[in-house]
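Residue numbers (our numbering), protein chains in the order written: chain S, 909 to 1355; chain F, 330 to 729; chain Y, 126 to 820.
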């Protein structure tokens, strides 16, 4: 196998090529741009874009248009990795008569399109993770940003009422105007009209209204397609020479969303195509919002939170905007919704990826509390060293104090405390003060 | 020279006062007259349903022979106080007796609240408070037939259990979003609901009783709820809360709380320094207390005042209660609604069988209080942690 | 005139232990006893840690080696005269060399040897033994940082600036360095700065940090790539510095684009928000330092990981600027000097490559041999130990200032290899575990009994001065090499035993090299001059170079190099049968293999045995109670340690110190995977299981 053809030049295709080279693939590696994901963009397309038109499975080749002429690209192995195609809602004014997106309208299938957004005021339409990330990135660039979503709050179905409300508050604080529970009814140049008649100024209207796997090539070539292109654990389609990864691939009935999952498929396929024994194991669906505006993470779905035989741990801190729902089965995470808990999110994601059990002090984990003694354990042991560098305990210091060393320097002389790194000078001073006060009050009592 | 204490009412709290006073009044300076409205001496109202489960009236009676034969005590049954002349310091009873007093303690308790629903006076409608109520209920009960309890609080569930004990199939109608809305949150109520449903109770929350419909014989035949459902019912039991019996305060020209009850300070003193009010009829600093534990604390305080000892001022905050209800352990501890802003809430639950909620101060992180429902850890251990940072094994203490 | 009491002898010298080389003064004599006092020296400012205060106790430890030992026919080591011992060694060496050739004899040095000893040992191996098979235990300490430093800056000196410069820093990132326990007096230079500490454990250093990043063991490189990603994406790059003073930024930045914070978080367990805060703290400080230690270096990708942190420092414009920089915290006393003058497999004096023809010509001229006579590069430390006694490996080994039976990874295998040698000769002053396996043991002097120079982590050359004469039958390492060389036919003058003479030779040999000592003399040092190398022999006495790279880096084009490094996981991942990461390291009371510090009561009593630091939940789930004995087992073997519960530990990680012998050796479970560029073994992460100890 020494001629690998990859259809689409999205981030996943590049990653696959990079990892195959890393794993020692020496053969030819060609990447062909499928029809640009956002096909309704008005021409002219950037010059030299090769748009793939057909897949000829019998003669193991792909046909593509290169600035007018049709060329055939043979393959030993073909990898289909087109980015998801954004879904365009049926709102009047979005699409021109010729079928192209009208002025100022951008459809985002994946994060990669975000850089193309310009304009002073931007309205983001949608409520999924991409919409929230896009809105917060624009706000961070101090663009006048409004997020319009049909549900009461963004990510409503993924986070639930209370948590999505907290996210909305946080977005508002970061400068995003959030309009929940409203649907858009018409796009007029530079504006967007909502169902309640209000009109929002929108130099750019960014559509984050979901995306669908791009299976056109596979369908035309009679590959097995369901929602996405069906693949097995070798990421192989129904044609043994053709693989599929990324947004378009469907494994075990699931479309794997997110860049993280796509990169894992690229890694696994790179190993498979370079002769290593590897099988694709999807990780349970997880979301980690990529924005500094709010720490948001979910594992599994809201429904998974209430599976029988699990323990549900929940935390609600409205004042500090912290929220958690954790479903555990024998101390392992089955599902989770975590908001505003940065270190808990980090620890729980890692333990979940490793399939490890959570610590027994889940409250301390969620609230980020320092380790605390158990309810029955004795107080902190009295004889812990005060000066680490010279292993000088409080007891030794007190004996030296009783023997007449009443100042820090005297104690340093007698017991070597504070002569290492100096970090304990303040606590030795405090001890001197306390012991001095104690003896003074005893003297007063005695006299 | 003995002084006369007149106790108006011989419910559980009135009885507690008399019991405590007899114990504390070692040099026997007090003669006690009890004017009881009912024909039975004080009995255990908390465990009232057991009267329908094989227990007799005497099993439930609190007043023992030692009280009845105590020469210092005159127990007047069926003889409630009807008016009081505070200037003359004498009270008049329903039998027109005049009883002078040196000290008067009003322990008139409360009466069941009957919502103003059309048909509420039909035969087959009952309230659930006294032996007489239960006798009437037992007579009207039809095993196997449905009965409706109006009210999903603590009393409502007791009443529903009574119907169950009488072999009927009880419905419970509660206007709040879930059972026991005053004490529990949705999670704890879910544990309670799961348990009572298993016992055969059919619960309808978030809906009210629109009307009680009579059959051809003029007796109760069905109940129509505000959402339109019609529940077939031979019996209707009102347990939708209580109203403090503060009528005497009106005639005695004593102040009443905004939401009813005889207004008293935290020593249960009314405006008249010879008159106290304790139990459900009293509004301590404006708030009435329907449970027996706070009532007992008021009775103990007045008994100590009457025997010249320093009383414990009544503190309404620790509303911790433990209820063994229809076999389900429910407990609240500490404050469940702090005033220094919204607390941090943490819940540990397993299905709807085990539920433990705690509240932490959002400033210090100390434990403020919480709710335990179902098979949870020991309340005494958890309660001992109030006011401290949660220890590392708190979850194991809450849900072992 | 009454007889004045003889003045109590004194000597200004330096602590024998770590690379900070605290200034100390020795007072007293054998009769009245010897005391150590700290000196007001720039790195320790009148302070010492417990090891420094008690350093003299090793001088008269009960089982100090005071006479040569030769293993008799009965297999037991018996006292012998120096002549017998040296003859035995010489005959053994000659027999092996004639039968199997010069490379059949190997030499193993140490980072504790003075500059003179390291230099002469390197010369003895290449000139007299003619073997390429020489390396040293510094390979287990500094080799990753050295390789990455050379690649990035064209020259490797741990701190390219004096320690005191750290006092002006607003922010200091300590990556894998537990300074509060391994170099306590250095902490006083860090107290005024905001510390960012990166360590899988909540160490004493982490507790004093403004920000603690706690990555899973073996994932530090992902964190370094993530920090660079954030610096690029948030526009915190020092564009001007990068354009003018570096090379290769674009490919490193492109690589880092694949390491967005949330991806790094999932692999390391360090929150994205914490990563962003760390980068902003560094970028917003007018003066900041990035320092690395063993934690990020002792990995099979240690060099790449250090390169990752150098990339971050370069991107923020820190190296080569007053008040900011990148540095590495050396471990051993002469860790810096010990790796410059020829005891490394690929090296000639002056930090020259043994494969560079001009270097070979220069050193050959100094040594009076033909360049072709010098052997080429040999095996790195573990590769060398791994083939001892094998068909293609050395049959004889000379060990100076090192205890590989305890400090090398996969200890059971290394012990096996040592035992299979035809001839094992160990020069030491206490019967270490390796010495006890030797055929010939040669007793050598300790620090308070010998002259010489060491080079601290600042690259400053310091004078070691004696207070006491050594015990009668004890000779200096230089004397031993002299005597051996003579027995092997060398003329006496070729191996002077006087340190001053050796230093003169070293100056000449290092002249023109990257580590140029030629301008440094005992006289200038004794006059109290502060001399950091390079210090060439110029007409007017050269002032030394306390700060490097201020105007240019050491590469020919004067630019620093970014490294295009990508992440890979630890050599050995955790698995169902070995479900926990094990990491190893030091404790304050002990030093390296513990051979010295275990013999000091005040140091040994608080930490007398190997312990296992573990999270209480992990311990409970493995059936381990606090203070009970546990077996810690990996695919390579197991050891025994006392359980110490610590709720600050990560759930997936346990820690064992490596200072203890026999069944307490942490290296019985460590993984011998080597860093391909530096030869550093992966001490800091492997997969183990823990269980209660059964009799």
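Even glycine gets a Cβ: it sits at the ideal position worked out from N, Cα and C.
For this session: Would you please verify whether the beta carbon of residue 1022 of chain S is less than 8 Å from any beta carbon of chain F?
Result: Walking along the first chain from the start, residue 1022 of chain S turns up at place 114. With 8 Å as the cut-off, residue 1022 of chain S does not count as an interface residue toward chain F.
Exercise. Below 8 Å between beta carbons: does that hold for residue 1170 of chain S and residue 927 of chain S?
Worked result: Locating residue 1170 of chain S in the first chain gives position 262, counting from the first residue. Locating residue 927 of chain S in the first chain gives position 19, counting from the first residue. It is not a contact, given that the beta carbons lie outside the stated cut-off.
Exercise. Between Y/370, Y/476, Y/407, Y/621, which lies nearest to residue 642 of chain Y when the distance is taken from Cα to Cα?
Worked result: The residue labelled residue 642 of chain Y in the question sits at position 517 within the third chain. Checking every option, the nearest Cα to that of residue 642 of chain Y belongs to Y/476.
For this session: For residue 571 of chain Y, collect the residues of the same chain with a Cβ closer than 7 Å to its Cβ; drop the 5 residues on either side in sequence, then sort them by chain order.
Result: Here the question's residue 571 of chain Y lines up with position 446 in the third chain. 183, 184, 554, listed in sequence order.
Problem set entry | Three-state secondary structure (DSSP) of residue 260 of chain Y | The residue labelled residue 260 of chain Y in the question sits at position 135 within the third chain. In the structure shown, the three-state DSSP call for residue 260 of chain Y is strand.
For this session: Using three-state DSSP, classify residue 653 of chain F as helix, strand or coil.
Result: Position 324 of the second chain, counted from the start, is the residue given in the question as residue 653 of chain F. It is a strand residue.
For this session: Kindly indicate the opening and closing residues of the alpha helix (DSSP H) around residue 766 of chain Y.
Result: As a working mapping, residue 766 of chain Y is identified with position 641 in the third chain. Careful: residue 766 of chain Y lies outside any alpha helix (DSSP H), inside the beta strand (DSSP E) at 762-770.
Exercise. What distance in whole Å lies between the Cβ atoms of residue 304 of chain Y and residue 315 of chain Y, which are believed to be in contact at a cut-off of 8 Å?
Worked result: As a position in the third chain, residue 315 of chain Y is number 190, starting the count at 1. As a position in the third chain, residue 304 of chain Y is number 179, starting the count at 1. Confirmed, about 7 Å.
Problem set entry | Sequence-distant residues of its chain with Cβ nearer than 6 Å to residue 535 of chain Y (five each side left out) | Here residue 535 of chain Y corresponds to residue number 410 of the third chain, with the count starting at 1. Counting only Cβ-Cβ distances below 6 Å, and skipping sequence neighbours, we find 761, 797.
Problem set entry | Nearest residue (CA-CA) to residue 708 of chain F, options F/680, F/613, F/726 | One-based indexing of the second chain puts residue 708 of chain F at position 379. The residue among F/680, F/613, F/726 with its C-alpha nearest the C-alpha of residue 708 of chain F is F/726.
Exercise. If residue 259 of chain Y and residue 250 of chain Y are in contact, beta carbons under 8 Å, what's the gap, nearest whole angstrom?
Worked result: On the third chain, residue 259 of chain Y is found 134 positions in, with the first residue counted as 1. On the third chain, residue 250 of chain Y is found 125 positions in, with the first residue counted as 1. Indeed, because the Cβ distance is near 4 Å, the residues count as touching under 8 Å.
Exercise. For residue 749 of chain Y, is the classification buried or exposed, using 16 other Cβ atoms within 10 angstroms of its Cβ as the cut-off for buried?
Worked result: For this step, residue 749 of chain Y is matched to residue 624 along the third chain. Result: buried.
For this session: Tell whether a beta-carbon distance below 8 Å holds between residue 506 of chain Y and residue 719 of chain Y.
Result: Position 381 of the third chain holds residue 506 of chain Y. Position 594 of the third chain holds residue 719 of chain Y. Cβ distance not < 8 Å, so residue 506 of chain Y and residue 719 of chain Y don't count as in contact.
Exercise. Which residue from Y/155, Y/430, Y/414 puts its Cα closest to that of residue 292 of chain Y?
Worked result: As a first step, residue 292 of chain Y must be located in the third chain, where it is residue number 167. Considering only alpha carbons, the answer is Y/414.
For this session: Please determine if the region 409-428 of chain F and the region 578-585 of chain F are in contact, where contact requires at least 3 C-beta pairs separated by less than 8 Å.
Result: yes
Exercise. Which word fits residue 532 of chain Y, buried or exposed, when buried means at least 16 other C-beta atoms lie within 10 angstroms of its C-beta?
Worked result: Start at 1 with the first residue of the third chain, and residue 532 of chain Y comes out as number 407. By the 10 Å Cβ count, residue 532 of chain Y comes out buried.
For this session: Check residue 428 of chain F in the structure and name its three-state DSSP category.
Result: Counting from one through the second chain, the residue named residue 428 of chain F turns up at place 99. The answer is strand: DSSP assigns residue 428 of chain F an E or B state.
For this session: Under 7 Å between beta-carbons, which chain Y residues line up against residue 1268 of chain S? List them in chain order, please.
Result: Working through the first chain from its first residue, we reach residue 1268 of chain S at position 360. Neighbours of residue 1268 of chain S on chain Y, chain order: 742.
Exercise. Based on the DSSP secondary-structure assignment, which residues constitute the bridge partners of residue 548 of chain F?
Worked result: In the second chain, the residue the question calls residue 548 of chain F occupies position 219. In DSSP, residue 548 of chain F forms a bridge with F/452.
Exercise. Can you name the residues that DSSP bridges to residue 336 of chain F?
Worked result: Residue mapping note: residue 336 of chain F aligns to position 7 of the second chain, counting from 1. According to DSSP, residue 336 of chain F bridges with F/363, F/434.
Problem set entry | Rounded Cβ spacing between residue 395 of chain Y and residue 1194 of chain S (contact assumed at less than 8 Å) | Locating residue 395 of chain Y in the third chain gives position 270, counting from the first residue. Locating residue 1194 of chain S in the first chain gives position 286, counting from the first residue. Under the criterion of beta carbons closer than 8 Å, residue 395 of chain Y and residue 1194 of chain S do not qualify as touching, at roughly 18 Å.
For this session: Residues of the region 670-687 of chain F with a CB closer than 7 Å to any CB of chain S: list them in chain order, please.
Result: Shown in chain order are the members of the region 670-687 of chain F whose Cβ falls below 7 Å from a Cβ of chain S: 670, 671, 673, 674, 675, 676, 677, 678, 679, 680.
Problem set entry | Residue interval of the alpha helix (DSSP H) (run including residue 534 of chain F) | Here the question's residue 534 of chain F lines up with position 205 in the second chain. Element bounds for residue 534 of chain F: not the alpha helix (DSSP H) but the beta strand (DSSP E), 531-534.
Exercise. With 16 as the cutoff for other CB atoms within 10 Å, does residue 1016 of chain S come out buried or exposed?
Worked result: Position 108 of the first chain, counting from 1, holds the residue named residue 1016 of chain S. In this structure residue 1016 of chain S is buried. Its beta-carbon is surrounded by 16 or more other beta-carbon atoms within 10 angstroms.
For this session: Please name the residues in the region 505-532 of chain Y whose beta-carbon is closer than 7 Å to at least one beta-carbon of chain S, in chain order.
Result: none
Exercise. Going by other Cβ atoms of all chains shown within 10 Å of its Cβ, with 16 needed for buried, is residue 157 of chain Y buried or exposed?
Worked result: Position 32 of the third chain, counted from the start, is the residue given in the question as residue 157 of chain Y. So residue 157 of chain Y ends up on the exposed side.
For this session: Less than 8 Å between the CB atoms is what I'm expecting for residue 390 of chain Y and residue 1257 of chain S, so what's the real figure, rounded?
Result: Working through the third chain from its first residue, we reach residue 390 of chain Y at position 265. Working through the first chain from its first residue, we reach residue 1257 of chain S at position 349. With 8 Å as the limit, residue 390 of chain Y and residue 1257 of chain S qualify as a contact, their Cβ atoms being about 7 Å apart.
Exercise. Counting only beta-carbon atoms, is residue 521 of chain F nearer than 8 Å to chain S?
Worked result: One-based indexing of the second chain puts residue 521 of chain F at position 192. It does not: the Cβ of residue 521 of chain F has no partner Cβ on chain S nearer than 8 Å.
For this session: Please name the residue in Y/673, Y/306, Y/243, Y/294 whose C-alpha comes closest to that of residue 1331 of chain S.
Result: Translated into the one-based positions of the first chain, residue 1331 of chain S becomes position 423. Nearest C-alpha to residue 1331 of chain S: Y/306.
Problem set entry | 8 Å CB neighbourhood of residue 126 of chain Y in its chain, flanking five on each side removed | Along the third chain, read from residue 1 onward, the residue named residue 126 of chain Y stands at position 1. Because the pLDDT at residue 126 of chain Y is just 49, under 50, the model does not fix this residue reliably, and the point stays unresolved.
Exercise. Are there 16 or more other CB atoms within 10 angstroms of the CB of residue 692 of chain F, so buried, or fewer, so exposed?
Worked result: One-based indexing of the second chain puts residue 692 of chain F at position 363. When all chains shown are included, residue 692 of chain F counts as exposed.
For this session: Look at residue 117 of chain Y and residue 377 of chain Y and say whether their C-beta atoms are less than 8 Å apart.
Result: A question about residue 117 of chain Y goes unanswered here, because the residues of chain Y that appear run from 126 up to 820.
Problem set entry | Other residues of its chain near residue 209 of chain Y: CB distance less than 7 Å, five sequence neighbours each side excluded | By one-based count along the third chain, residue 209 of chain Y stands at place 84. Cβ neighbours of residue 209 of chain Y beyond the five flanking positions: 195.
Exercise. Helix or strand or just coil, what does DSSP make of residue 1134 of chain S?
Worked result: Against the first chain, residue 1134 of chain S aligns to sequence position 226. DSSP places residue 1134 of chain S in coil when its eight states are reduced to three.
Exercise. I think residue 396 of chain F touches residue 478 of chain F, with their Cβ atoms under 8 Å apart; what is that distance to the nearest whole Å?
Worked result: As a first step, residue 396 of chain F is located in the second chain; it is residue number 67 there, counting from the start. As a first step, residue 478 of chain F is located in the second chain; it is residue number 149 there, counting from the start. Contact flag wrong, Cβ pair sits at about 34 Å.
Exercise. Counting along the chain, where does the alpha helix (DSSP H) carrying residue 178 of chain Y start and finish?
Worked result: Within the third chain, the letter at position 53 stands for residue 178 of chain Y. Taken as a continuous stretch (DSSP letters only), the alpha helix (DSSP H) holding residue 178 of chain Y covers 175-178.
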